[in-house]
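Using this note's numbering, the letters of the sequence shown map in sequence onto residues 428 to 690.
C-beta: ideal position from N, C-alpha, C; glycine also.
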Amino acid sequence: MNSAETRFKKAIDSQVNLFTPMPLIHITDAYSFIDILGPSRISPSPCTVFGEDLTYMFYGRPAYQTHHKGTNFLSANFPVAFIFDPDKLNATCMSVYPFDTGAFHAGLYSNFFHSKSAIDHFRLPGSTSSAQKIVAYFYRSNEEYFFGGSRKNVEVPNLNFEIEGVHELSRITANHNDGTFNPDLRSSSIEFIFDREIDLTGCLLGIVVPQVCLDDIHITDAINVINPKHISTYSGIHNIGSASILGILFDKTYEIYRKEGII
Numbered sequence: 428m429n430s431a432e433t434r435f436k437k438a439i440d441s442q443v444n445l446f447t448p449m450p451l452i453h454i455t456d457a458y459s460f461i462d463i464l465g466p467s468r469i470s471p472s473p474c475t476v477f478g479e480d481l482t483y484m485f486y487g488r489p490a491y492q493t494h495h496k497g498t499n500f501l502s503a504n505f506p507v508a509f510i511f512d513p514d515k516l517n518a519t520c521m522s523v524y525p526f527d528t529g530a531f532h533a534g535l536y537s538n539f540f541h542s543k544s545a546i547d548h549f550r551l552p553g554s555t556s557s558a559q560k561i562v563a564y565f566y567r568s569n570e571e572y573f574f575g576g577s578r579k580n581v582e583v584p585n586l587n588f589e590i591e592g593v594h595e596l597s598r599i600t601a602n603h604n605d606g607t608f609n610p611d612l613r614s615s616s617i618e619f620i621f622d623r624e625i626d627l628t629g630c631l632l633g634i635v636v637p638q639v640c641l642d643d644i645h646i647t648d649a650i651n652v653i654n655p656k657h658i659s660t661y662s663g664i665h666n667i668g669s670a671s672i673l674g675i676l677f678d679k680t681y682e683i684y685r686k687e688g689i690i
């Protein structure tokens, strides 16, 4: 009999026909972006979920939600996306999860998982192949995963409560609202966790930054040091909502993926 600690991993490991690896994406704001550029590295921050200093990334998606409320975006709040070559980070990843662990910890997935379900029941080895297996299990393609809302007819193993819950979570789009759960694309985004500093130099497939950042010669010089393959910009519009900003990030990331043949 499979236990809760092994059911999810055993089912996911059955996947052998995998899609092309997707990049890993770390989102920050313009204020923190400048702090990161100085040393050219991302340092772990305190995490209340696991009780240690960690860095989070999402597989393939620039899943983002600002803590800023309203539409009056100051330039300090504009998001920046670091798009990493997954091969450059494989050896440093600690673990992979099929969803946003912060939301799970906060009880936001209570409609999808039993009250006794624990985060560790969904933990997978820290490698790109873990994420590839999740995408292959629940989605028909990288593109379907990227945009969210699985339409794959998944055969859920009998009494595999973890697979059943993740499958239902993967089918919900960002526009779903049943009055009890208001997801964004982080809810079904595959999460990568790191417990060490991440050097940016030579690791970036691309970055997406507000144009205001590139208007500063010191920032452009620092960007040239880390040498991302693609630099994509967007105009900073102050009276704009977070949903519109998210759309911009997805569009810019999608353009880079198309150029690289990832999607």
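I believe residue i touches residue j by the beta-carbon criterion, under 8 Å. Please report the beta-carbon distance rounded to the nearest angstrom.
{"i": "His657", "j": "Ile683", "result": "5 Å"}
{"i": "Leu632", "j": "Asp512", "result": "5 Å"}
{"i": "Ala530", "j": "Ser597", "result": "14 Å between Cβ atoms; not a contact."}
{"i": "Val593", "j": "Phe526", "result": "7 Å"}
{"i": "Pro506", "j": "Tyr483", "result": "The pair is not a contact, with the Cβ atoms about 14 Å apart (cut-off 8 Å)."}
For residue i, collect the residues of the same chain with a Cβ closer than 7 Å to its Cβ; drop the 5 residues on either side in sequence, then sort them by chain order.
{"i": "Tyr572", "result": "Gly487, Val562 and Tyr566"}
{"i": "His548", "result": "Ala431, Glu432, Phe435 and Glu589"}
{"i": "Phe677", "result": "Pro489"}
{"i": "Asn429", "result": "Lys437"}
{"i": "Ser577", "result": "Phe565, Tyr566, Glu571, Ser597 and Arg598"}
Output yes or no for whether 8 Å exceeds the beta carbon distance between residue i and residue j.
{"i": "Phe539", "j": "His453", "result": "no"}
{"i": "Phe621", "j": "Leu481", "result": "yes"}
{"i": "Pro402", "j": "Thr519", "result": "As displayed, the chain neither begins before 428 nor continues past 690, which places residue 402 out of reach and without an answer."}
{"i": "Val639", "j": "Ser659", "result": "no"}
{"i": "Ala533", "j": "Ile617", "result": "no"}
{"i": "Leu641", "j": "Arg468", "result": "no"}
{"i": "Ile644", "j": "Tyr661", "result": "no"}
When burial is assigned at 16 or more other CB atoms within 10 Å of the CB, is residue i buried or exposed?
{"i": "Thr528", "result": "buried"}
{"i": "Thr433", "result": "exposed"}
{"i": "Lys560", "result": "buried"}
{"i": "Asp456", "result": "buried"}
{"i": "Lys679", "result": "buried"}
{"i": "Gly553", "result": "buried"}
{"i": "Pro637", "result": "buried"}
Spatial neighbours of residue i within its chain, please: CB distance less than 6 Å, with the 5 preceding and 5 following residues excluded, ordered by chain position.
{"i": "Arg550", "result": "Ser522"}
{"i": "Cys474", "result": "Leu481"}
{"i": "Phe460", "result": "Val507"}
Any heavy atom of the ligand NAD closer than 7 Å to the CB of residue i?
{"i": "Ala457", "result": "As presented, the structure is devoid of all ligands, the ligand NAD included, so that no description of it is given."}
Please list, in chain order, all residues of the same chain as residue i whose beta carbon is under 8 Å from its beta carbon, the five residues on each side excluded.
{"i": "Phe446", "result": "Gln559, Val562, Ala563, Ser568 and Asn569"}
{"i": "Ala545", "result": "Ala431"}
Using DSSP bridges, identify the partner residues of residue i.
{"i": "Cys520", "result": "Phe621"}
{"i": "Cys630", "result": "Answer is none; Cys630 lacks a bridge partner."}
{"i": "Ala508", "result": "Ile454 and Val635"}
{"i": "Tyr661", "result": "Pro637"}
{"i": "Phe485", "result": "Ile452 and Glu618"}
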